[in-house]
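*Asks:* Quick note: the sequence shown uses our numbering, first residue 2, plus one each step.
Note that the Cβ used here is the ideal one computed from N, Cα and C, for glycine as well.
It should be emphasised that the depicted structure is a prediction, and the values quoted were computed from it without experimental measurement.
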Amino acid sequence: DLDDADFLIGAALTDGQHDVMLFSDSGKAVRFAEDEVRPLGRNARGVRGMALEPGQGVIAMLVAEDESQSVLTATENGYGKRTSIVEYTRHGRGTKGMIAIQQSERNGKVVAATLVRADDEIMLITDKGVLVRTRVAEIRELGRATQGVTLIALDEGTQLIGLQRIVENDANGDASGDAFFEPTGNPGAEPPAEENP
Numbered sequence: 002d003l004d005d006a007d008f009l010i011g012a013a014l015t016d017g018q019h020d021v022m023l024f025s026d027s028g029k030a031v032r033f034a035e036d037e038v039r040p041l042g043r044n045a046r047g048v049r050g051m052a053l054e055p056g057q058g059v060i061a062m063l064v065a066e067d068e069s070q071s072v073l074t075a076t077e078n079g080y081g082k083r084t085s086i087v088e089y090t091r092h093g094r095g096t097k098g099m100i101a102i103q104q105s106e107r108n109g110k111v112v113a114a115t116l117v118r119a120d121d122e123i124m125l126i127t128d129k130g131v132l133v134r135t136r137v138a139e140i141r142e143l144g145r146a147t148q149g150v151t152l153i154a155l156d157e158g159t160q161l162i163g164l165q166r167i168v169e170n171d172a173n174g175d176a177s178g179d180a181f182f183e184p185t186g187n188p189g190a191e192p193p194a195e196e197n198p
């Protein structure tokens with residue numbers, strides 16, 4: 002059962018051998034071992050993963066399987082960065098966590114976090130239905146306690162609502178295959194309607 006105004010932000014299949022990472026809209030992240038979460042039934046409320054201040058919410062859950070990956074974070078005002086996953090050390094379940102990206106008036110709230118590699122591509126999505134595709138390699142890798150760089154130039158009154166890693170869907174590994182999105186970001190946002198030319 003969920004409390005009023007609460008909603009599910011993520012689910013993943015795991016083998017119990019990895020770490021779980023939670024990210025809040027205030028720019029914090031917590032990383033803990035899967036075995037800190039005891040198995041529970043489908044109808045159970047679950048255990049606390051991250052301590053939040055009033056008004057804050059969790060916006061992403063990731064499973065850390067490969068220490069060679071980076072964490073890509075993005076904010077509502079179009080800023081973001083990628084940071085090596087090794088900079089996210091274990092802090093224990095139920096803590097306030099560590100800084101993932103500096104929240105500021107410039108950045109606004111954090112709207113998305115996902116695991117990426119340098120050769121990946123992502124789709125940035127605005128609340129006006131505009132989609133912009135970009136290569137992860139073009140996004141500077143920075144430390145956790147920084148504000149990030151511009152990911153997308155936004156018009157006044159427009160906000161970034163999420164990003165999606167693009168996965169090429171081709172059995173032969175051909176990059177020309179159809180692409181599908183691996184979603185992350187605000188689950189309550191309206192779906193985009195058009196792609197930026």
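(1) Quick one: using the 10 Å Cβ neighbour count with 16 as the cut-off for buried, is A113 buried or exposed?
(2) On the criterion of 16 or more Cβ atoms from any shown chain inside 10 Å, does D7 qualify as buried, or is it exposed?
(3) Taking the C-alpha atoms as reference points, what is the distance between A146 and I102?
(4) Cβ atoms of M124 and L116: under 8 Å apart, would you say?
(5) Looking at the structure shown, is V137 part of a helix, part of a strand, or coil, going by DSSP?
(6) Tell me whether the stretch 10-26 and the stretch 50-67 touch, counting them as touching only if at least three CB pairs, one residue from each stretch, are closer than 8 Å.
(7) Using a Cβ-Cβ cutoff of less than 6 Å, which residues in the same chain neighbour I126 once the five nearest sequence positions on both sides are dropped?
(8) Ignore the nearest five residues each way along the sequence and tell me which others in Q104's own chain have a CB closer than 6 Å to its CB.
(9) Go ahead and label V87 buried or exposed: buried means 16 or more other beta carbons lie within 10 angstroms of its beta carbon, across all protein chains shown.
(10) For E77, which residues in the same chain have their Cβ closer than 6 Å to its Cβ, ignoring the five residues on either side in sequence?
(11) Classify D20: buried if its beta carbon has 16 or more other beta carbons within 10 angstroms, exposed otherwise.
(12) Nearest-angstrom Cα distance between A30 and L143?
(13) I'd like the span of the beta strand (DSSP E) that includes A30, first residue to last.
(14) DSSP state of A13, grouped into three classes?
(15) Just checking my contact of I153 with G98 at CB under 8 Å: how many whole Å lie between their CB atoms?
(16) Does DSSP put I126 in a helix, a strand or coil?
*Replies:* So, to answer that:
(1) buried
(2) exposed
(3) 6 Å
(4) no
(5) helix
(6) yes
(7) L132, I162, G163, P193
(8) S27, G28
(9) exposed
(10) G109, K110, V112, Q160, L161
(11) buried
(12) 16 Å
(13) 29-34
(14) coil
(15) With 8 Å as the limit, I153 and G98 do not qualify as a contact, their Cβ atoms being about 26 Å apart.
(16) strand
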